[in-house]
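First up is the structure itself, then whatever we jot down about it.
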Amino acid sequence: MNVCIIGTGYVGLVTAACLSEMGNHVRCVDTNMKVVETLRAGRIHIFEPGLEDLVRRNTAEGRLTFTNSLAEGLSFGGDGACLAFICVGTPSGEDGVCDLSYVEAVAREIGELVEKPLIVVDKSTVPVGTADRVRGIIEAELARRGVQVDIDVVSNPEFLKEGDAVKDFMKPDRVIVGTENPRSAELLKALYSPFARSREKLIVMRTKSAEMSKYAANCMLATKISFINEVANICERVGADVAEVRLGIGSDRRIGYEFIYPGVGYGGSCFPKDVKALIATAREAGYRAGLIESVDSVNDHQKLVLAEKIVRHFEKLGGVAGKTLAMWGLAFKANTDDVREAPALALARDLASRGMRVRAFDPAAATRAAAQLADVPLFELASGQYEALDGADALAVVTDWNQFRNPDFTSMARKLSAKAVFDGRNLYDAGLLAGFGLSYYGIGR
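So the sequence shown is numbered by this note's numbering: it starts at 161 and just counts up by one.
Written out as structure tokens, the structure reads:
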């Protein structure tokens with residue numbers, strides 16, 4: 161098939177690379193010419209394991225191309241694209257309302273340019289009713305031009321985890337398609353059939369149900385994270401160990417072990433935005449989503465739990481002002497360079513506002529984090545994991561990169577003047593660190 165992908169962020173580029181890997185002809189459109197030139201050279205502008213190899217191979221073999229022209233993306237040299245995926249950003253606006261300006265701009269331009277029958281696929285995470293909105297914008301532009309083109313708009317939400325997105329696309333748990341048009345459903349089924357060879361994975365439903373499914377899924381996962389963090393905070397106050405509690409509840413198949421890892425809260429481009437968007441959607445519909453509001457507020461507090469522990473520890477040592485904290489990890493999770501809504505950034509800002517210097521290391525997200533914290537004079541980057549410890553009083557582990565899991569504790573004990581480790585991911589054992597003379601502070605332990 162000839163497929164046009166509009167937007168080359170995490171979702172768009174992964175979708176394009178994986179579809180082209182299965183033999184489709186895919187043309188990506190991005191308004192940033194610098195990004196287009198980078199991709200044409202077989203390099204990628206984001207960090208996602210396994211993605212660059214796919215992009216390089218399919219670009220070299222001619223199945224994957226890049227342009228800054230939507231007209232070129234839709235035309236395919238006159239043959240025409242049969243599918244156009246909208247994969248642009250939908251950031252949170254005021255009061256958590258999803259900003260659809262990029263989606264609407266793409267819809268408007270499609271209406272201005274489309275000449276042949278086309279199925280427009282909403283891949284971006286969007287509120288319920290967006291497909292109807294997109295259809296209305298395209299049809300209005302067609303009417304203005306005085307032309308008739310067979311257009312359908314379907315919902316096909318993505319369920320990709322940053323850091324594991326290629327695997328998630330290649331071997332999905334499910335593929336949801338929201339449409340009332342049997343022809344569109346059959347075309348999407350054919351497109352995704354190579355990714356569902358072991359069993360049927362395509363779920364066709366009403367368009368609005370598909371749009372809602374994406375929000376419901378992410379809010380459910382965010383709820384599990386906030387729940388275990390709430391339990392962890394209670395455990396600390398009553399003398400229980402959340403690691404043991406997790407084993408106790410996770411063994412129940414109705415609960416399971418996934419997404420009940422206590423820590424410093426969730427971040428990234430999806431959970432924070434989608435939780436707020438569903439709260440806003442409910443509010444606009446005249447309903448207060450009390451549970452989901454609590455998920456959001458618990459997460460906001462959890463991002464500063466380590467800061468509270470650090471402040472309490474240094475109270476007896478004259479306070480945090482003038483002290484230096486080494487920080488391992490800046491990305492919101494391992495195996496990505498994404499720092500959007502990252503707990504590490506909230507922690508750095510809070511402690512710096514109290515006069516504490518923060519020296520951080522991250523193997524992938526350092527540059528992006530430094531740009532976000534450019535207005536924080538007490539924040540600085542370290543060139544390496546152990547260089548971050550030089551001159552530091554204590555260490556905070558905020559992202560669970562593999563290289564942080566079994567570090568050189570002897571070196572840590574030698575370099576940290578206050579001999580304290582604040583473990584935001586519960587990577588270490590308190591007894592083990594005590595053997596090196598290090599005080600240990602975990603989450604819920």
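Beta carbons are placed, not taken as given, at the ideal position from N, Cα and C, and that holds for glycine. Keep in mind it's a predicted model, so treat the numbers as computed, not measured.
Taking 9 angstroms as the threshold (C-beta atoms), are aspartate 510 and tryptophan 488 in contact?
The sequence position of residue 488 within the sequence shown is 328, counting from 1. The sequence position of residue 510 within the sequence shown is 350, counting from 1. Contact flag unset, no.
For isoleucine 166, which of helix, strand or coil comes out of DSSP?
Your numbering for residue 166 matches position 6 in the sequence shown. Three-state DSSP puts isoleucine 166 in a strand.
Is the CB of threonine 227 under 9 angstroms away from at least one CB in chain B?
This model lacks chain B altogether, as it is built from one protein chain only.
Name, in chain order, the residues that DSSP records as bridge partners for histidine 185.
Here residue 185 refers to the residue found at position 25 of the sequence shown. Beta-bridge pairing links histidine 185 to Asn162.
My parser needs the alpha helix (DSSP H) runs of 4 or more residues fully inside the stretch 278-353; what are they?
Taken in chain order, the unbroken stretches of alpha helix (DSSP H) that lie wholly in the stretch 278-353 and span 4 residues or more are 290-305, 325-330 and 342-352.
Whole-angstrom distance between valine 189 and alanine 403, CA atom to CA atom
Your numbering for residue 403 matches position 243 in the sequence shown. Your numbering for residue 189 matches position 29 in the sequence shown. Their Cα atoms are separated by approximately 46 angstroms.
Let me know the secondary structure DSSP gives methionine 516 once reduced to three states.
In the sequence shown, the residue the question calls residue 516 occupies position 356. Methionine 516 sits in coil when the DSSP states are folded into three classes, being neither helix nor strand.
Which runs of the alpha helix (DSSP H) spanning at least 4 residues fall entirely within the stretch 396-483, listed in chain order?
Taking only runs of at least 4 residues, the alpha helix (DSSP H) segments lying wholly in the stretch 396-483 are 402-410, 431-444, 450-462 and 465-475.
Count the C-beta pairs between the stretch 164-171 and the stretch 244-263 that are closer than 8 angstroms, then say yes if the count reaches three, no if not.
The stretch 164-171, when compared against the stretch 244-263, does touch it at the 8 angstroms Cβ threshold.
Rounded to whole angstroms, what's the CA-CA distance from arginine 448 to isoleucine 439? Just pull it up for me.
Here the question's residue 448 lines up with position 288 in the sequence shown. Here the question's residue 439 lines up with position 279 in the sequence shown. If you take the alpha carbons of arginine 448 and isoleucine 439, they lie about 7 angstroms apart.
Distance, Cα to Cα, leucine 278 vs valine 163?
In the sequence shown, the residue the question calls residue 278 occupies position 118. In the sequence shown, the residue the question calls residue 163 occupies position 3. Answer to the nearest angstrom: the Cα atoms are 10 angstroms apart.
Alpha-carbon to alpha-carbon, leucine 505 and leucine 407
In the sequence shown, the residue the question calls residue 407 occupies position 247. In the sequence shown, the residue the question calls residue 505 occupies position 345. So the alpha carbons of these two residues sit roughly 30 angstroms apart.
Tell me the rounded alpha-carbon separation between glutamate 390 and alanine 529.
Along the sequence shown, one-based indexing puts residue 390 at 230. Along the sequence shown, one-based indexing puts residue 529 at 369. About 27 angstroms.
Using C-beta distances below 7 angstroms, list every residue in its chain close to arginine 268, excluding the 5 sequence neighbours before and after it, in chain order.
One-based indexing of the sequence shown puts residue 268 at position 108. Cβ within range, chain order: Ile297 and Glu301.
Given a cut-off of 9 angstroms on the beta-carbon distance, is the pair leucine 576 and aspartate 553 in contact?
Position 416 of the sequence shown, counted from the first residue, corresponds to residue 576. Position 393 of the sequence shown, counted from the first residue, corresponds to residue 553. Yes, the pair counts as a contact, with Cβ atoms nearer than the cut-off.
What does a CB cutoff of less than 7 angstroms around lysine 349 pick up in its chain, not counting 5 residues either side in sequence?
If you number the sequence shown from 1, residue 349 lands on position 189. Contacts found: Leu362.
Tell me whether glycine 591 is buried or exposed, calling it buried when 16 or more other Cβ atoms sit within 10 Å of its Cβ.
The sequence position of residue 591 within the sequence shown is 431, counting from 1. Its Cβ having fewer than 16 others within 10 Å, glycine 591 is exposed.
Touch check for the stretch 444-463 and the stretch 557-566: three-plus C-beta pairs under 8 angstroms?
Taking 8 angstroms as the limit for Cβ pairs, the verdict is that the stretch 557-566 does not touch the stretch 444-463.
Aspartate 213 lies in the alpha helix (DSSP H); which residues open and close that run?
Within the sequence shown, residue 213 is the residue found at index 53, counting from 1. Per DSSP, aspartate 213 belongs to the alpha helix (DSSP H) from 211-220.
Where the beta strand (DSSP E) containing threonine 225 begins and where it ends:
The residue labelled residue 225 in the question sits at position 65 within the sequence shown. Counting along the chain, the beta strand (DSSP E) containing threonine 225 begins and ends at 224-227.
Give the DSSP-derived three-state secondary structure of cysteine 258 in the structure shown.
Position 98 of the sequence shown, counted from the first residue, corresponds to residue 258. Strand, per DSSP.
Tyrosine 600 (DSSP reduced to helix, strand or coil):
Here residue 600 is taken as the residue at index 440 of the sequence shown, counted from 1. Here tyrosine 600 sits in strand by DSSP.
Assess, as a yes-or-no matter, whether the stretch 366-374 is touched by the stretch 330-342 under the definition of 3 or more beta carbon pairs within less than 8 angstroms.
Yes, since at least three Cβ pairs between the stretch 330-342 and the stretch 366-374 fall closer than 8 angstroms, the two stretches touch.
Just to confirm the assignment, what range does the beta strand (DSSP E) spanning alanine 556 have?
Along the sequence shown, one-based indexing puts residue 556 at 396. Where alanine 556 is concerned, the enclosing beta strand (DSSP E) stretches over 554-557.
Who are the Cβ neighbours of glutamate 272 in its own chain at under 7 angstroms, not counting the five residues just before and after it?
Residue 272 sits at position 112 when you count from the first residue of the sequence shown. Counting only Cβ-Cβ distances below 7 angstroms, and skipping sequence neighbours, we find Glu301.
Please report the distance separating the alpha-carbon of alanine 201 from that of alanine 325.
Counting from one through the sequence shown, the residue named residue 201 turns up at place 41. Counting from one through the sequence shown, the residue named residue 325 turns up at place 165. The alpha-carbon atoms of alanine 201 and alanine 325 are separated by roughly 22 angstroms.
Nonlocal neighbours in the same chain, by C-beta distance under 6 angstroms from proline 251, ignoring five residues either side:
Start at 1 with the first residue of the sequence shown, and residue 251 comes out as number 91. Counting only Cβ-Cβ distances below 6 angstroms, and skipping sequence neighbours, we find Asp259.
Paired residues, beta bridge with leucine 243 - DSSP
Mapped onto the sequence shown, residue 243 falls at position 83. According to DSSP, leucine 243 bridges with Val163 and Ile279.
Between lysine 469 and tyrosine 601, how many whole angstroms is the CB-CB distance? I'm expecting something under 8 angstroms.
Reading the sequence shown from its first residue, position 309 is the one you call residue 469. Reading the sequence shown from its first residue, position 441 is the one you call residue 601. So it is a contact: roughly 5 angstroms between Cβ atoms.
Ends of the beta strand (DSSP E) at glutamate 540?
To locate residue 540, count along the sequence shown from 1; it is residue 380. Here the beta strand (DSSP E) through glutamate 540 covers 539-541.
Let me check one thing: in DSSP terms, what residues is leucine 362 bridge-paired to?
Translated into the one-based positions of the sequence shown, residue 362 becomes position 202. According to DSSP, leucine 362 bridges with Val335.
Which of helix, strand or coil DSSP assigns to leucine 617
Because residue 617 is not part of the residues shown, which for the chain are 161 to 605, the question remains open.
Which residue from Asp568, Ala486 and Leu490 puts its Cα closest to that of aspartate 550?
Translated into the one-based positions of the sequence shown, residue 550 becomes position 390. Out of Asp568, Ala486 and Leu490, Ala486 has the C-alpha closest to the C-alpha of aspartate 550.
Put leucine 549 into one of helix, strand or coil per three-state DSSP.
Counted from its first residue, the sequence shown places residue 549 at position 389. In the structure shown, leucine 549 sits in a helix (DSSP, three-state: H, G or I).
Nearest to alanine 231 by CA position, among Ile165, Ala220 and Asn218, is which residue?
Within the sequence shown, the letter at position 71 stands for residue 231. Selected option, being the one with the closest Cα: Ile165.
Measuring straight from C-alpha to C-alpha, what distance separates valine 458 and proline 503?
Reading the sequence shown from its first residue, position 298 is the one you call residue 458. Reading the sequence shown from its first residue, position 343 is the one you call residue 503. Whole-angstrom Cα-Cα distance: 13 angstroms.
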